[in-house]
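Peer 1: Sharing a structure, written as structure tokens. Questions coming.
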Amino acid sequence: MSAPERTERDVTGLLNMAGHALSNRLSAALADVDLTARMQCVLIHALEQERTQIQLAALADLDKTTMVSTVDDLERRGFAERRPSATDRRARVIVVTEKGRLAAEEGQRIVDRVHADALSSLPDAARAAFVEALGQLADTTRDPGPQPVRRARGR
Numbered sequence: 001m002s003a004p005e006r007t008e009r010d011v012t013g014l015l016n017m018a019g020h021a022l023s024n025r026l027s028a029a030l031a032d033v034d035l036t037a038r039m040q041c042v043l044i045h046a047l048e049q050e051r052t053q054i055q056l057a058a059l060a061d062l063d064k065t066t067m068v069s070t071v072d073d074l075e076r077r078g079f080a081e082r083r084p085s086a087t088d089r090r091a092r093v094i095v096v097t098e099k100g101r102l103a104a105e106e107g108q109r110i111v112d113r114v115h116a117d118a119l120s121s122l123p124d125a126a127r128a129a130f131v132e133a134l135g136q137l138a139d140t141t142r143d144p145g146p147q148p149v150r151r152a153r154g155r
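For the sequence shown, the UniProt record's numbering assigns the number 1 to the initial residue and increments by one for each residue that follows.
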């Protein structure tokens with residue numbers, strides 16, 4: 001028996017391998033400044049404008065439970081605080097402290113360095129095209145599609 005002929009590269013496998021390696025590098029680099037990639041993402045989005053935890057979770061692609069624990073960690077480190085919204089008394093927003101702003105700035109320098117290092121293996125002319133194409137791919141695959149079929153348990 002022979003394997004079926006492949007007509008395309010295993011794009012899913014390639015993206016997973018590259019993403020895993022890049023995530024590991026980023027996690028290790030951010031750990032030097034007491035941040036995780038999640039915390040960095042939340043801090044950056046919270047600095048952009050007043051946002052609720054729910055809004056930040058959507059922007060950071062985090063589920064509710066993960067978002068709560070991430071903000072808890074940010075508060076413990078003195079990087080952010082939960083406060084009542086200035087525009088909606090029922091809502092609470094995440095406000096970045098001065099210490100958090102400084103951490104986010106250093107974190108962004110680290111993120112940029114890790115990304116630049118990863119892209120450095122590509123020729124200069126290919127870098128912008130690669131990032132643009134990856135952005136287009138991410139935009140067209142934002143919808144996760146159908147959920148996996150769950151098989152009934154054997155009895």
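Each residue gets a CB set at the ideal place from its N, CA and C atoms; glycine is no exception.
Would the beta-carbon of Leu74 fall within 7 Å of that of Met39?
Peer 2: A contact, by the Cβ cut-off of 7 Å.
Peer 1: Cα separation between Lys64 and Ala57?
Peer 2: One C-alpha to the other measures close to 7 Å.
Peer 1: Under 7 Å between the Cβ atoms of Ala37 and Leu47?
Peer 2: Cβ distance not < 7 Å, so Ala37 and Leu47 don't count as in contact.
Peer 1: According to the Cβ coordinates, are Ile44 and Ala116 closer than 7 Å?
Peer 2: Against a cut-off of 7 Å, the Cβ pair of Ala116 and Ile44 comes out as no contact.
Peer 1: Measuring straight from C-alpha to C-alpha, what distance separates Arg109 and Ala28?
Peer 2: Arg109 and Ala28: Cα-Cα distance of roughly 14 Å.
Peer 1: Do you know how far the Cα of Val96 is from the Cα of Glu50?
Peer 2: So the alpha carbons of these two residues sit roughly 10 Å apart.
Peer 1: Here's the rule: buried if 16 or more other CB atoms are within 10 angstroms of the residue's CB, otherwise exposed. What is Met1?
Peer 2: With fewer than 16 other Cβ atoms within 10 Å, it is exposed.
Peer 1: Using the C-alpha atoms, what's the distance from Val111 back to Val33?
Peer 2: Cα to Cα, the separation comes out at about 12 Å.
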